[in-house]
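Visitor:
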Amino acid sequence: MLLDQFGRPMRRVTAAELLERQAVASIGSVRQVQSGHPADGLTPPRLTTILRQAEDGDATAYLEMAEQMEEKDLHYAAVLAVRKRAIRSLEIQVDPGDETAAANEAADMVRNTLNSSSVKSSLIDIMDALGKGFSVSEIVWEREGKGLKLAGLELVDPRWFEFDRDNGTHIYLRDNAGPQPLRPDSYMIHIAKAKSGLAIRGGLARLAAWAYLFKNFSLKDWAIFLEAYGHPLRLGKYGPSSSPEDRLTLLRAARQIGVDMAAIIPKDMELEVITAATTGSDKLYEGNARFWDEQISKGVLGQVATTDAIAGGHAVGKIHEEVRGDIRDADAEQLAGSLQRDIAGAIVRLNFADRHRVALPVIRFVSPERADPKLMLELMEKGPKAGLRIAVSQIRNVFALREPEANEEVLTPPVPEPPKPDVPPVNPDPAAIRQTAARVSDIVPRDSVDALVDELIASGDMQEALDGEIGQLIEALGRAGSLDEVQDILAVFNAAPPGPVLDQLEQSTFAARVAGETGAPVR
Numbered sequence: 159m160l161l162d163q164f165g166r167p168m169r170r171v172t173a174a175e176l177l178e179r180q181a182v183a184s185i186g187s188v189r190q191v192q193s194g195h196p197a198d199g200l201t202p203p204r205l206t207t208i209l210r211q212a213e214d215g216d217a218t219a220y221l222e223m224a225e226q227m228e229e230k231d232l233h234y235a236a237v238l239a240v241r242k243r244a245i246r247s248l249e250i251q252v253d254p255g256d257e258t259a260a261a262n263e264a265a266d267m268v269r270n271t272l273n274s275s276s277v278k279s280s281l282i283d284i285m286d287a288l289g290k291g292f293s294v295s296e297i298v299w300e301r302e303g304k305g306l307k308l309a310g311l312e313l314v315d316p317r318w319f320e321f322d323r324d325n326g327t328h329i330y331l332r333d334n335a336g337p338q339p340l341r342p343d344s345y346m347i348h349i350a351k352a353k354s355g356l357a358i359r360g361g362l363a364r365l366a367a368w369a370y371l372f373k374n375f376s377l378k379d380w381a382i383f384l385e386a387y388g389h390p391l392r393l394g395k396y397g398p399s400s401s402p403e404d405r406l407t408l409l410r411a412a413r414q415i416g417v418d419m420a421a422i423i424p425k426d427m428e429l430e431v432i433t434a435a436t437t438g439s440d441k442l443y444e445g446n447a448r449f450w451d452e453q454i455s456k457g458v459l460g461q462v463a464t465t466d467a468i469a470g471g472h473a474v475g476k477i478h479e480e481v482r483g484d485i486r487d488a489d490a491e492q493l494a495g496s497l498q499r500d501i502a503g504a505i506v507r508l509n510f511a512d513r514h515r516v517a518l519p520v521i522r523f524v525s526p527e528r529a530d531p532k533l534m535l536e537l538m539e540k541g542p543k544a545g546l547r548i549a550v551s552q553i554r555n556v557f558a559l560r561e562p563e564a565n566e567e568v569l570t571p572p573v574p575e576p577p578k579p580d581v582p583p584v585n586p587d588p589a590a591i592r593q594t595a596a597r598v599s600d601i602v603p604r605d606s607v608d609a610l611v612d613e614l615i616a617s618g619d620m621q622e623a624l625d626g627e628i629g630q631l632i633e634a635l636g637r638a639g640s641l642d643e644v645q646d647i648l649a650v651f652n653a654a655p656p657g658p659v660l661d662q663l664e665q666s667t668f669a670a671r672v673a674g675e676t677g678a679p680v681r
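Under this note's numbering, residues 159 to 681 are what the sequence shown spells out, in order.
#1: In three-state DSSP terms, what is Leu497?
#2: Could you tell me the distance, in whole angstroms, from the CA atom of Thr172 to the CA atom of Pro342?
#3: Output needed for Ile485: all residues of its chain with C-beta closer than 6 Å, excluding positions within five of it in sequence on either side, in chain order.
#4: When DSSP labels each residue in this structure, what does Ala469 get in the three-state scheme?
#5: Under the rule that 16 or more other beta-carbon atoms within 10 Å means buried, what is Pro682, buried or exposed?
#6: For Val524, I'd like the list of residues in its chain whose CB is within less than 6 Å of its CB, leaving aside the five on either flank, ordered along the chain.
#7: Going by C-alpha to C-alpha distance, which of Val294, Asp231, Asp324 and Gly541 sits closest to Ala350?
#8: Candidates Lys373, Val314, Asp286 and Glu296: which alpha carbon is nearest Asp362's?
#9: Buried or exposed, going by whether 16 or more other CB atoms sit within 10 Å of the CB of Leu393?
#10: How about Pro144 and Met223: are their beta carbons less than 8 Å apart?
#11: Spatial neighbours of Val568 within its chain, please: CB distance less than 8 Å, with the 5 preceding and 5 following residues excluded, ordered by chain position.
#12: Could you tell me which residues DSSP pairs with His348 in its beta bridges?
#13: How about the region 197 to 215 and the region 328 to 343: do they share at least three Cβ pairs that are nearer than 8 Å?
#14: Which full runs of the alpha helix (DSSP H) of 4+ residues lie inside the region 255 to 328, going along the chain?
#15: For the beta strand (DSSP E) holding Asp253, just list the boundary residues, first then last.
#16: At a Cβ threshold of 8 Å, is Glu257 touching chain C?
#17: For Asp661, count neighbouring Cβ atoms within 10 angstroms of its own Cβ and tell me buried if that reaches 16, exposed if not.
#18: Which residues in the same chain as Asn273 place their Cβ atom closer than 7 Å to its Cβ, once the five residues preceding and following it in sequence are excluded?
#19: Look at the alpha carbon of Val602 and the alpha carbon of Pro531, and state the distance between them as a whole number of angstroms.
#20: Could you check which residue in Ala183, Arg323, Leu365 and Thr271 has the C-alpha nearest to that of Asp315?
#21: Sorted by chain position, which residues of the same chain lie with C-beta nearer than 7 Å to Pro526's C-beta, five sequence neighbours on each side aside?
#22: State the Cα-Cα distance for the pair Glu444 and Tyr220, rounded to the nearest angstrom.
#23: Taking Val644 as part of the beta strand (DSSP E), name the residues at either end of that continuous run.
#24: Going straight from the alpha carbon of Asp198 to that of Ala217, what length do you get?
#25: Is Ala469 buried or exposed, if buried means 16 or more other CB atoms sit within 10 Å of its CB?
#26: According to DSSP, is Gly199 helix, strand or coil?
#27: Just to confirm the assignment, what range does the beta strand (DSSP E) spanning Arg522 have?
#28: What residues match up with Gln338 in a beta bridge as DSSP calls it?
#29: Using beta-carbon positions only, say whether Leu546 and Leu641 come within less than 8 Å of one another.
#30: Take every Cβ of the region 296 to 313, pair it with every Cβ of the region 498 to 510, and state whether three or more of those distances are shorter than 8 Å.
#31: Do Ile284 and Leu559 count as a contact pair if the criterion is CB distance below 8 Å?
#32: Can you give me the C-alpha to C-alpha distance between Phe375 and Arg179, rounded to a whole angstrom?
#33: Rank Ile505, Arg359 and Leu631 by C-alpha distance to the C-alpha of Ala212 and give the top, closest one.
#34: Please report the distance separating the alpha-carbon of Asp379 from that of Val462.
#35: Check the C-beta distance from Leu365 over to Ala357 and give it rounded, since I have them as a contact under 8 Å.
#36: By a C-beta neighbour count over all protein chains shown, 10 Å radius and 16 as the cutoff for buried, is Asp625 buried or exposed?
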């Protein structure tokens, strides 16, 4: 027996049913495109009512408020968009569920579907679940031969669905006849939980709602403050003999100075412009608004350094960027599970007669390989000399270089200058050369370091130490399969205690220095 994502038995549906949309708006239906605006004039009691209604099963006002929050609060909209679009930096990987031919065929079908432009562009719509707690996309099927092909995903207004009032988990389609079960293999349901508990309480909009409310209060008060104190006070003075018409003239003049910066008044009246002294009170509103922006950043992205200017500079921002990466990976893992259940499951059920025996493909989001270009250039130069084999395709991936086409101009290394020919000595006489060398040796005595080098070479101790210590490093580098492994090998080598090579050099250097300072003869 096949079960849906809520553990309920699934009924078989015909191709004709799947080709017809179920979640559509209609005249006189409870599914309408017009939306309410509960965030207008939002107050704490009203917000409390909206949140409690969502818990009790009527989430319409909450979902409308969540939509308005993205439209009215620029900061919340920005950080939520960053989190939604973070998955675009990841690559979709689809692997067969097992080694059978059917599992490999199913993996190919799912991989082609998810990499199609119509489905890949819909992933951002699916991530609307981050703000509201859940999203429902209706699967659009089309005929392909004797079977069905997934042609796209259409995001459905979340207000058209409701959760079961008994368990808060099962999702139903709202209808005039009452809640209707969702048709099998027709929907992609994604529940993104910012915290554990009821799905409708797991959206980021609920988390940010109070910060949104209090920030709006600050912005309104700030606007009133600017209106009242942003312009200087115009004070008109009239004498006791002024008529009502004169007083109205003076009032109009005071008002016009604030708008037109020009006015006329009778000669016997006085109009004074007084600059308001705010003494920094305007900063209170700005500081409060910034405080709530930071709280929203923490709630949505888990940090503030990548969105708000704070003390700490680049180092703090780097750490917080890693925090945001962890949240992105968690979102991607939840999305991969939903895609595997609803998309891969539907494709297998509709295209394989023996669907009970076909393992579902495994869907993952993986980060593309990244490497330090400077370190990669250094490794390209020194690695092959040490015996390390590096794939050219990996180099192209790191630097985003394509394969040059035929007859295309490419960069080439500079041609080295030909070596100068050696000029043979005139009438070389071996006996004369030996005699000259003997005379030079008698005049210029051998240096202690030269003698020490000759001794090390003759004994073979230094070569043996080098073969034992450096040779192991070269062999390990040759077996490395990636840049990360090379870095790990070099780190272990640098952290190792001094070996026999360093001991030989220390002893030899000490002996040479003693010989040089004492003038001991070198044999």
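Using N, Cα and C, we set each Cβ at its ideal position, and we do this for glycine too.
Guide: Well, looking at it:
#1: helix
#2: 10 Å
#3: Gly460
#4: Any reading at Ala469 must be qualified, since the residue scores a pLDDT of 46, below 50, and its modelled position is unreliable; the value itself is stated next. In the structure shown, Ala469 sits in coil (DSSP, three-state: anything other than H, G, I, E or B).
#5: For residue 682 there is no data in the structure shown, the boundaries of the chain being 159 and 681.
#6: Glu249 and Gln251
#7: Val294
#8: The identity of residue 362 in the sequence shown is Leu, whereas the question assumes Asp. Comparing Cα positions, the closest option is Asp286.
#9: exposed
#10: This structure does not reach residue 144, given that the chain is present from 159 up to 681, and the question cannot be answered.
#11: Pro562
#12: Ser293
#13: no
#14: 259 to 272, 275 to 278, 281 to 284 and 287 to 290
#15: Glu249 to Asp253
#16: Included in the structure is just one protein chain, with no chain C present.
#17: exposed
#18: Ile250
#19: For Val602, the predicted model reports a pLDDT of 49, less than 50, meaning its position is unreliable; a value from the coordinates is still stated below. Their backbone Cα atoms lie some 51 Å apart in a straight line.
#20: Ala183
#21: Glu249
#22: 28 Å
#23: Looking at the DSSP string, Val644 is not in any beta strand (DSSP E); the run it does join, the alpha helix (DSSP H), is Leu641 to Ala653.
#24: 17 Å
#25: Low local confidence applies: a pLDDT of 46 at Ala469 is under 50, so the model's placement there is unreliable, with the coordinate-based value given in what follows. That one is exposed.
#26: coil
#27: Val520 to Val524
#28: Leu331
#29: no
#30: yes
#31: no
#32: 43 Å
#33: Arg359
#34: 25 Å
#35: Their Cβ separation, rounded to whole angstroms, is 14 Å, which puts Leu365 and Ala357 out of contact at 8 Å.
#36: exposed
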